[in-house]
Structure formats: structure tokens, C-alpha cells
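Novice: Following this message is one structure expressed as C-alpha cells.
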Amino acid sequence: MNPQSFQQVGRNSPEAIPIEMRRIEGREWWLWGFAVAVTVALTLGVVSFTFPWFNRDTDVSYWFDLREWVRGLAALVLLFDLYVIYQHLQLQRIRHQLAERDQLFQLISENAADMIALVDSDGHRLYNSPAYQKVLGYSPEDLRGTSSIEQVHPDDRPRVLKAAEKACLSGQGERVEYRMRHKDGSWRTLESTACAIRNARGQTEKLVIVNRDITERKRAEEMLVHNAFYDGLTNLPNRALFLDRLQHALTLSKRHSNYKFAVLLIDVDEFKIINDSLGHTAGDELLIQIGQRLRDRVRRADTVSRLRMSGVPDKPANDDTLARLGGDEFSILLDDIRDPIEAVRVAERVQAELAPPFVVNREQIVISASIGIASSISPHTQAEDLLRDAELAMYRAKRMGKARCEVSDPAMHASAVKRLRLETDLRKAFDQGEFRVYYQPIVCLQSGTITGFEALTRWQRSGGILSPIEFIAVAEEIGLIVPMNRQLLLEACQHLRSWQSEFPSNAPLTMSVNITSREFGQPDLASEIRKLLEQTGVDPGCLQLEIIETIAMGDAEKSGHVLSQLKALGARLSIDDFGTGHSSLSRLRRIPVDTLKIDRTFISHMDTDPESREIVRIIIMLAHNLGLKVVAEGTETEEQVNLLKQLNCEMAQGYFYARPADGQAMAKLLTSNQSARAASAAR
Numbered sequence: 000m001n002p003q004s005f006q007q008v009g010r011n012s013p014e015a016i017p018i019e020m021r022r023i024e025g026r027e028w029w030l031w032g033f034a035v036a037v038t039v040a041l042t043l044g045v046v047s048f049t050f051p052w053f054n055r056d057t058d059v060s061y062w063f064d065l066r067e068w069v070r071g072l073a074a075l076v077l078l079f080d081l082y083v084i085y086q087h088l089q090l091q092r093i094r095h096q097l098a099e100r101d102q103l104f105q106l107i108s109e110n111a112a113d114m115i116a117l118v119d120s121d122g123h124r125l126y127n128s129p130a131y132q133k134v135l136g137y138s139p140e141d142l143r144g145t146s147s148i149e150q151v152h153p154d155d156r157p158r159v160l161k162a163a164e165k166a167c168l169s170g171q172g173e174r175v176e177y178r179m180r181h182k183d184g185s186w187r188t189l190e191s192t193a194c195a196i197r198n199a200r201g202q203t204e205k206l207v208i209v210n211r212d213i214t215e216r217k218r219a220e221e222m223l224v225h226n227a228f229y230d231g232l233t234n235l236p237n238r239a240l241f242l243d244r245l246q247h248a249l250t251l252s253k254r255h256s257n258y259k260f261a262v263l264l265i266d267v268d269e270f271k272i273i274n275d276s277l278g279h280t281a282g283d284e285l286l287i288q289i290g291q292r293l294r295d296r297v298r299r300a301d302t303v304s305r306l307r308m309s310g311v312p313d314k315p316a317n318d319d320t321l322a323r324l325g326g327d328e329f330s331i332l333l334d335d336i337r338d339p340i341e342a343v344r345v346a347e348r349v350q351a352e353l354a355p356p357f358v359v360n361r362e363q364i365v366i367s368a369s370i371g372i373a374s375s376i377s378p379h380t381q382a383e384d385l386l387r388d389a390e391l392a393m394y395r396a397k398r399m400g401k402a403r404c405e406v407s408d409p410a411m412h413a414s415a416v417k418r419l420r421l422e423t424d425l426r427k428a429f430d431q432g433e434f435r436v437y438y439q440p441i442v443c444l445q446s447g448t449i450t451g452f453e454a455l456t457r458w459q460r461s462g463g464i465l466s467p468i469e470f471i472a473v474a475e476e477i478g479l480i481v482p483m484n485r486q487l488l489l490e491a492c493q494h495l496r497s498w499q500s501e502f503p504s505n506a507p508l509t510m511s512v513n514i515t516s517r518e519f520g521q522p523d524l525a526s527e528i529r530k531l532l533e534q535t536g537v538d539p540g541c542l543q544l545e546i547i548e549t550i551a552m553g554d555a556e557k558s559g560h561v562l563s564q565l566k567a568l569g570a571r572l573s574i575d576d577f578g579t580g581h582s583s584l585s586r587l588r589r590i591p592v593d594t595l596k597i598d599r600t601f602i603s604h605m606d607t608d609p610e611s612r613e614i615v616r617i618i619i620m621l622a623h624n625l626g627l628k629v630v631a632e633g634t635e636t637e638e639q640v641n642l643l644k645q646l647n648c649e650m651a652q653g654y655f656y657a658r659p660a661d662g663q664a665m666a667k668l669l670t671s672n673q674s675a676r677a678a679s680a681a682r
């Protein structure tokens, strides 16, 4: 950097002249002064020989010595001139190097994307690179009349001054980020480092500051953080951010007994139906509108009338936090409440807020929501556990009729722990082969002979045998029901093949197996059953697949496709628990079923309740009109059997004939039944 450059930006300040140039100038003045002094001395020496007093009493030897002295002085002058020329060339070389360095600095500073500044110890600008105008819009004239701190954001000035002070003391400043005002009034984010320039006494005279514009990088980082913690559809906080805030509130409540909060978990009732019928785009639009309504409710001043607590440090800045946890689930964190009942009031107002119709694609959609509530009085220390309590309360609200709210309590916590233990035990039981196949005979009412069996799963634990009602629902929820029923079907088909060989009859024995909703949704259901039939050698016509009424009468397209695949195997289809669901007679006529099984709730009361008896009669008549056979479940008394015979019901199963038992017991029962049939034929 040459003196002219500093004169342009430093207004002829002597402090702006580089140290190198001072040294060169000093060396040059010393050389020329020395040359003049030597030249004068030699000139005087030569001239002195011509003075008159040197001519007295001269002889030949004197003139000879004079010539030698003149020659020597001439040689000395020549050597000195050569030395001066050498020194001059050295100075020219150094000047050339400095000029190249100055040119290189100018090229770098004028073309660098980073902004380079030189300030003195008082913060006055000595130099600003052209990048300042490119990045911040300020010309050299704009900057010349301002201090180096003037454009810095007021909130960031203390950090910048502290970094500059550290750079002056240590010689190297730390990296600091701060905001600087653009000429258009906007704020840019800069990343800055400073280095000190010291004088000969070790004192800091100037600071070289390099600034980099990182505004776009900061925006990208903020966008990444936003995407990580906010839902892309509704722009609400997502599950991760909500759990973080919930954990903070939970930790705070453990430190301060006067700080209480509550969590609301909101689940839209029957959202899947809306999604399936109107499409996912409409479903997404509905979720956006729901989020907006909930946001308006949370932000409204009268969301809940409560006094704010004081004296609680680190209390969340946002009193109420709304988040979308995923799917159609939303959550609200009610901060600083006096009593959990306030959460119930908020839940009721949320339900009222969601009650008016939503307009999606010019169609009005009416929804309801089930809400679970958990409060900070729970013993949990982890946010996930507290949210799980709210989730369990929400599921209880759904089971109790939906469109309502339920509050978590200690009993729910104990129930959740029990459920978790059951899930673990179920998985262990499957791995250790603790599930057993039990069978209950299906009997022809007119002849009393066994026509087939229903295969049932039992869990053999150390404490005894558990019935399906205690674990089947959980097994289905956790997905274990599929491999369990594959195992059951394999063993049941093996037993059936053995019994058909040992106890032949005109109509071969059949085996009924339940198909759960989880299995019904498996795309490979038909192919898996075909493999098992081929593996065991069972005639597909001897396999009766029982499907509950709500599944068979559900999605017409899906259920019809699956039922057609199963029917194509040659298997027989039966609707289980008939009468408890919502059947459509026109649908029943079109689906390819062979048998209706009347639910036990009607059979068990038909001998004492005329209404139940009439329902059974109508179901039997309807089945016969459609060409279907009927099986009555839960037959327990002789009177029930006689009534069913009068109504022309074909088959029955229940405790009246036999309780469910293992394969060995069923083999004995078949032997007894065959003997009784033979004796009857002999008579």
C-alpha cells in the first residue's frame, strides 16, 4: 500500500504512511548526504594541491608523489561512485517490489467479496475496500464522515466493541457475528475478525477488520431450524419442538410448586373418512383451517380467564403453545394455570371453536374432536410420558362416544403400565411358543353330529390359560396378530387333515378360522392362505374364513376385492357376530358369503327375551332367503337349542355342546360322537 493510497483515504494523515516507505526514504537521504559529503571532501583535497603554499621548495619527487595521490583519489572517487550506483539500484528494486505489493493489495481489496477496513485506535476509518459499496451500498464519501461503529445494530454494538478491545490487547480478535445497516435501511448479518497493527513500541496503532456477508447463510440456517421444528403443512410447532417446550415446563414445575400447567391432546374424530372420501388434498386443507382456528383460539385474550403467577424464573415466554404432532393430532400447552379444571374449560372452548362448519372445495364439513388432558401434577419427569397420559385420556374420550374430553389420572397411568407390560409379555410369549390352539365344535342341530370346529387362540402362562378377550385386541394393535393367526391356521389345518382321515364322513369336517381386521388389510392374505392349504393338503372347501360384520360391510371396493380373492381360493366365507354391526341388505346380497353366525348376545337371551328371539328369527329367515346357512353362537341351554331347531337354524356352537379345548380333547369328543352316531344308526 503506497503513500498515495493512504492520502486518498486518510486525508494526508502522516500515520497512513507505511513503515517500509519511511525506511526507504531515510536510507535514501543518508546515501545522498554521504555521497555529497565525500564528493566535497575529495574535491577540496584535489584542489588543495593547487594552493600557492604547496608550490614552495618543490622538486621532481614532489610532483611524482602528487600524481600518485591524484590517481589514488580518482580511483577512490570511482569506487565511491560505483557504490552509490549500487545502492541506488537496490533502492529502485525495493521501490518496484513495494509498487507490486501495493498493486496486488489494490487488486485483492478491490475485487474481494469480503469487506476490508482499516481503522485507527480511536475507531476512525482509514480505509474501506470497494466491497463496502457492493455489499452495503455505501460509497467512500458516505463512510468517510462516519465512525466504524455507527452502522452497527444498537443491540450488537457492545459485542463489537468488546471484540475490538480484545483485538487491541491480544493482537488477534475473536470471530463475531453482528448486524450492520444497509444503505436502504435493511439489516445484513456480517461475520468479522480483527487483527492489530502495532508500532515499534508494541502499541496498537491500527486494526485491520475483515467482514464477510453471511446474511443468506444465516437465512438458510434459520430455514433449516424452522423446518426441523415446525410442521410444513400448518407452520405450527411440530412434535420435537413441542416436547422440548413441554420438558422445560415439566422441569420448571418440579422446581417451583406454585407453577402448574396442562397439556391438551386434540384428535379429529373420523378424519380418515374425510380424507378417504374427499381426497388427501382436501384433508390437508382442512388441517390447515383447523390449525388456524386453534391458533386464533390460543392467541385470543379470553382463551381462559386466569391470574398469572409471579416469582417463577425461566417461565416460558409464550404462555400457550399450539403444535401439530402429526396426522390429525394437535396439542396445546396451557402455561401457568391455577387448577387443572381450567384446562377442561379450554378444551370445551376448543370444541366449540371447531363446531362451525369448515368450507373445503366449496363443501361444508362438520367435524368434532376428542381431547385428552394431562396436568403437571402427574409424577412423570419426562415430557413423552406426560404426553402419553394425554393420549390415553384422548383414546378414552373416543371410546366413550367421541366429541368429548377426558382427564388423565393415576389409574390411567397404572393401566398404561399394565398395557406396556402386556405388550412385552405378548412378544415374549410368541417367541417362546406359549400360544395354544383350542377348538370348539360346531354341531348340526337336527342330527347332533359334529360338522366342524372353530379354531381359537389361548395363551398358556404360568398362572394358567388366558382367553382371547384378555390379549387379542392388544395383539392386533401391535401387529402381532398376523403371525399368531398364521401359526394358528397352520396347526388347525394339520389337525383337520388328521381328523378327516381318522373320522371320515359323508360331509368332511370343516375348520373355521377368524380373519382379523389387521389380516384383512394384508395384501398377501389370499396367497398366504393358499400356501398353507397346499402345505397341509386341506381341501379349500373345508376351510371356513370368518370375518366380522363391520369389516365385511366396510369399504365396499376394498372388502369386495379381498372377499373375491378369498372366494377364488375355494374357501367358504362366513360373517361373524352378525346383528351387532350396521349391515346393508343390498350389500349382503352382493358379497360372496356362505354363512351367517348370529352373535351370542341374541342367542343367550332368546329363551327369556321375546325381542331377542324375534331378532334371531328374522336373521335366520333373511339368511335362508339369501341362500345362506346359519350358525348360532353361544348356545348354552337345551331350551335355546330347541328354539333354534324350531326356527330351522342349521348349526350351533356353545357350552351346551362343549367348551373350547385342545386337539387331544377334541379327538376324544369326535370318537364319542362317532360312537353315538353309530349306535343311533344301529337302532
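Oh and the sequence shown: position 646 is 645 in numbering that gives the first Met the number 0, straight run, nothing missing.
The beta-carbon is built from N, C-alpha and C at its ideal position, and this holds for glycine as well.
This structure is a prediction, so every number in the text was calculated from the model and none was measured.
1. If you count every other CB in all the chains shown that lies within 10 Å of the CB of R156, and 16 or more means buried, which is it?
2. Find out if the Cβ-Cβ distance for the pair A166, L117 is shorter than 7 Å.
3. I believe F228 touches A239 by the beta-carbon criterion, under 8 Å. Please report the beta-carbon distance rounded to the nearest angstrom.
4. Excluding the five sequence neighbours on either side, which residues of its own chain have a C-beta within less than 7 Å of the C-beta of D283, listed in chain order?
5. For R387 and S563, what's the separation of their Cα atoms in angstroms?
6. Only counting the same chain, and skipping five residues up and downstream in sequence, which positions put a Cβ closer than 7 Å to that of Y437?
7. I need the DSSP call for F434, collapsed to helix, strand or coil.
8. Tell me the rounded alpha-carbon separation between I336 and M114.
9. Below 8 Å, how does it come out for the stretch 440 to 452 and the stretch 397 to 409: are there three or more Cβ pairs, yes or no?
10. Can you tell me where the beta strand (DSSP E) holding T250 begins and where it ends?
11. Give the single residue among R571, M393, L572, T594 whose Cα lies nearest to the Cα of D268.
12. Should R418 go down as buried or exposed, given a rule of 16 or more other Cβ atoms within 10 Å for buried?
13. Check this for me: beta carbons of D593 and L572, under 7 Å apart or not?
14. Less than 8 Å between C-beta atoms, sequence neighbours within five positions excluded: which residues of the same chain meet that for A428?
15. Looking only at C-alpha atoms, which of M179, F79, K557 sits nearest to Q521?
16. Can you check the stretch 124 to 162 for any beta strand (DSSP E) of at least 3 residues that lies completely inside it and give the ranges in chain order?
17. Can you round the beta-carbon distance between A651 and L444 to whole angstroms, since I take them to be within the 8 Å contact cut?
18. Between the alpha carbons of F329 and T192, how many angstroms are there, rounded?
19. Could you tell me the alpha carbon to alpha carbon distance between Q171 and A195, rounded to whole angstroms?
20. Identify the continuous beta strand (DSSP E) that holds K401 and give its terminal residues.
21. Under DSSP, the beta strand (DSSP E) around N689 begins and ends at which residues?
22. So, at 8 Å on beta carbons, what are the nonlocal neighbours of E204 in its own chain, with the 5 sequence-adjacent residues on each side left out?
23. On a Cα-Cα basis, can you pick out the residue from L595, I528, L668 that is closest to R485?
24. Quick check on the DSSP output: the beta strand (DSSP E) that includes K596 runs from which residue to which?
25. Does M179 come out as helix, strand or coil in the three-state DSSP assignment?
26. Cα separation between Q363 and P236?
27. Going by C-alpha distance, which of E176, L81, L88, R211 is nearest Y685?
28. Can you confirm whether V35, when its beta carbon is compared against all beta carbons of chain B, has any partner nearer than 7 Å?
29. Tell me whether L378 is buried or exposed, calling it buried when 16 or more other Cβ atoms sit within 10 Å of its Cβ.
30. Please list the terminal residues of the continuous alpha helix (DSSP H) segment that includes R517.
31. For S407, which option in S446, M510, P339, S147 has the closest C-alpha, if you only look at C-alpha atoms?
32. Where does L646 land, buried or exposed, given buried means 16+ other C-beta within 10 angstroms?
33. Throw me the rounded Cβ distance for the A570 and L595 pair, which I believe falls under 8 Å.
34. Please check the pair I480 and I468, which I expect to be a contact at CB under 8 Å, by giving their CB distance rounded to whole angstroms.
35. Could you tell me the boundaries of the alpha helix (DSSP H) in which E758 lies?
36. Along the alpha helix (DSSP H) that carries Q499, what are the first and last residues, could you check?
Specialist: Judging by the given coordinates:
1. One-based indexing of the sequence shown puts residue 156 at position 157. It is exposed - the Cβ of R156 has fewer than 16 other Cβ atoms within 10 Å.
2. The residue given as residue 166 occupies position 167 in the sequence shown. The residue given as residue 117 occupies position 118 in the sequence shown. Not in contact: A166 and L117 (Cβ atoms no closer than 7 Å).
3. Mapped onto the sequence shown, residue 228 falls at position 229. Mapped onto the sequence shown, residue 239 falls at position 240. F228 to A239, Cβ: 6 Å. Contact.
4. Stepping through the sequence shown from its first residue, residue 283 is reached at position 284. Within the same chain, D283 has close Cβ partners L232.
5. If you number the sequence shown from 1, residue 387 lands on position 388. If you number the sequence shown from 1, residue 563 lands on position 564. Between R387 and S563, the alpha-carbon positions lie close to 40 Å from each other.
6. One-based indexing of the sequence shown puts residue 437 at position 438. Taken in chain order, the residues that qualify are L455, R457, P659, A660, D661.
7. Within the sequence shown, residue 434 is the residue found at index 435, counting from 1. F434 carries a strand assignment under DSSP once its states are collapsed to helix, strand and coil.
8. As a working mapping, residue 336 is identified with position 337 in the sequence shown. As a working mapping, residue 114 is identified with position 115 in the sequence shown. If I take the Cα positions, the gap works out to 52 Å.
9. no
10. Along the sequence shown, read from residue 1 onward, the residue named residue 250 stands at position 251. Run containing T250: none in the beta strand (DSSP E); it sits in the alpha helix (DSSP H), 238 to 254.
11. Indexing the sequence shown from 1 puts residue 268 at position 269. Nearest C-alpha to D268: M393.
12. Here residue 418 is taken as the residue at index 419 of the sequence shown, counted from 1. Answer is exposed; the Cβ neighbour count stays below 16.
13. Working through the sequence shown from its first residue, we reach residue 593 at position 594. Working through the sequence shown from its first residue, we reach residue 572 at position 573. Yes. Within cutoff.
14. By 1-based counting over the sequence shown, the position of residue 428 is 429. Same-chain partners within the cutoff: F434, W458, R460.
15. What you label residue 521 is simply residue 522 of the sequence shown in a count that begins at 1. Ranking the options by Cα distance to Q521, first place goes to K557.
16. Within the stretch 124 to 162, the complete beta strand (DSSP E) segments of 3 residues or longer fall at 124 to 127, listed in chain order.
17. Position 652 of the sequence shown, counted from the start, is the residue given in the question as residue 651. Position 445 of the sequence shown, counted from the start, is the residue given in the question as residue 444. In this structure A651 touches L444 by the C-beta definition: roughly 5 Å separates them, less than 8 Å.
18. Taking the sequence shown and counting its residues from 1, one reaches residue 329 at position 330. Taking the sequence shown and counting its residues from 1, one reaches residue 192 at position 193. Between F329 and T192, the C-alpha separation is close to 46 Å.
19. Locating residue 171 in the sequence shown gives position 172, where the first residue counts as 1. Locating residue 195 in the sequence shown gives position 196, where the first residue counts as 1. Rounded to the nearest angstrom, the two C-alpha atoms are 6 Å apart.
20. Stepping through the sequence shown from its first residue, residue 401 is reached at position 402. No beta strand (DSSP E) holds K401; DSSP gives it neither H nor E.
21. The requested residue 689 is not part of the displayed model; the chain covers only 0 to 682.
22. As a working note, residue 204 is residue 205 in the sequence shown. E14, D119, S120, I196, R197, N198.
23. The sequence position of residue 485 within the sequence shown is 486, counting from 1. The shortest Cα separation from R485 among L595, I528, L668 belongs to I528.
24. Translated into positions along the sequence shown, residue 596 becomes position 597. Where K596 is concerned, the enclosing beta strand (DSSP E) stretches over 594 to 597.
25. Locating residue 179 in the sequence shown gives position 180, counting from the first residue. Residue state, collapsed to three classes: strand.
26. Start at 1 with the first residue of the sequence shown, and residue 363 comes out as number 364. Start at 1 with the first residue of the sequence shown, and residue 236 comes out as number 237. Each residue's alpha carbon lies about 27 Å from the other.
27. The structure shown does not extend to residue 685, since the chain spans only 0 to 682, so no value can be given for it.
28. Note that chain B does not occur in the displayed structure, where there is just one protein chain.
29. Taking the first residue of the sequence shown as 1, we reach residue 378 at position 379. One detail in the question is off: residue 378 reads as Pro in this sequence, not Leu. Exposed: under 16 other Cβ atoms inside 10 Å.
30. To locate residue 517, count along the sequence shown from 1; it is residue 518. Its alpha helix (DSSP H) spans residues 516 to 519.
31. Counted from its first residue, the sequence shown places residue 407 at position 408. Taking only the C-alpha atoms, the option nearest S407 is P339.
32. Walking along the sequence shown from the start, residue 646 turns up at place 647. The Cβ neighbour count for L646, taken over all protein chains shown within 10 Å, is at least 16; the residue is labelled buried.
33. Along the sequence shown, read from residue 1 onward, the residue named residue 570 stands at position 571. Along the sequence shown, read from residue 1 onward, the residue named residue 595 stands at position 596. Incorrect: roughly 16 Å between the Cβ atoms, too far for contact.
34. On the sequence shown, position 481 is the one that residue 480 refers to. On the sequence shown, position 469 is the one that residue 468 refers to. Going by Cβ atoms, the distance from I480 to I468 rounds to 14 Å, so no, they are not a contact pair.
35. This structure leaves residue 758 out entirely; the chain is present only between 0 and 682.
36. Working through the sequence shown from its first residue, we reach residue 499 at position 500. Counting along the chain, the alpha helix (DSSP H) containing Q499 begins and ends at 480 to 501.
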